[in-house]
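Numbering (full-length UniProt numbering), first residue to last: 1 to 244.
Glycine is no exception: its CB is placed at the ideal position from the N, C-alpha and C atoms.
Note that the coordinates shown come from a computational prediction; the quantities given were computed from them, not determined experimentally.
Working notes, beginning with the structure itself.
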């Protein structure tokens, strides 16, 4: 009887160990899932930060483009003012030439030297400076940069939507795994409680006495009050004459 109980106990312990192993494996998977979820959340936060930085950069670029547009609009007025000033300088030079023809030869030489230095300096300045762009080229460059920024922002928004969808799916999987873990935990606790209850019943059966607890020990081992009738004894018939 004790060997049978030990055999059953070992089999139950084996089942409990297997169940604990399955529970440990499920908990390990749950932890790995949580780690992956945390990594995806961090990646989504990083992408969201990049998107916000890109939006701020886009706003700055748009503000700069607006300033450039205002500068481009103000350039025709400056060119008109410049042409007026050039006309005035040409008129002044013609007046100076008329004065020079009436002046002395020394003043004419001084004027030529001064005018020669000015022309040399102006030629060097024009050679070093870059030709300015017209309004059409500037507008084309601004439109190109705006299109590029809009494409970049749209791609970032698509990535953000994709990340949100993945995060939602991960959260749903996490909830499902938690439900599975709760169900497994409940089943394990129920199994352990039932196993303990069965083990307690087996031990109570094994140590229960053969006689009833309601009867006394003297009553069960005392002889009966009446002796039952016995069968008659058979007396063997011996031939004593053969021994003589």
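Within 8 Å, strictly: CB atoms of residue i and residue j
{"i": "residue 47", "j": "residue 160", "result": "yes"}
{"i": "residue 28", "j": "residue 170", "result": "no"}
{"i": "residue 44", "j": "residue 149", "result": "no"}
{"i": "residue 23", "j": "residue 188", "result": "yes"}
{"i": "residue 174", "j": "residue 37", "result": "yes"}
{"i": "residue 7", "j": "residue 177", "result": "no"}
{"i": "residue 191", "j": "residue 19", "result": "yes"}
{"i": "residue 61", "j": "residue 145", "result": "yes"}
Secondary structure of residue i, DSSP reduced to three states
{"i": "residue 134", "result": "coil"}
{"i": "residue 20", "result": "helix"}
Decide yes or no for the touch test of the segment 180-195 against the segment 65-72: beta carbon pairs closer than 8 Å, at least 3 of them. Output reads no: the segment 65-72 does not touch the segment 180-195.
Tell me whether the segment 12-22 and the segment 148-167 touch, counting them as touching only if at least three CB pairs, one residue from each stretch, are closer than 8 Å. Touching, no, given that fewer than three Cβ pairs across the two stretches are closer than 8 Å.
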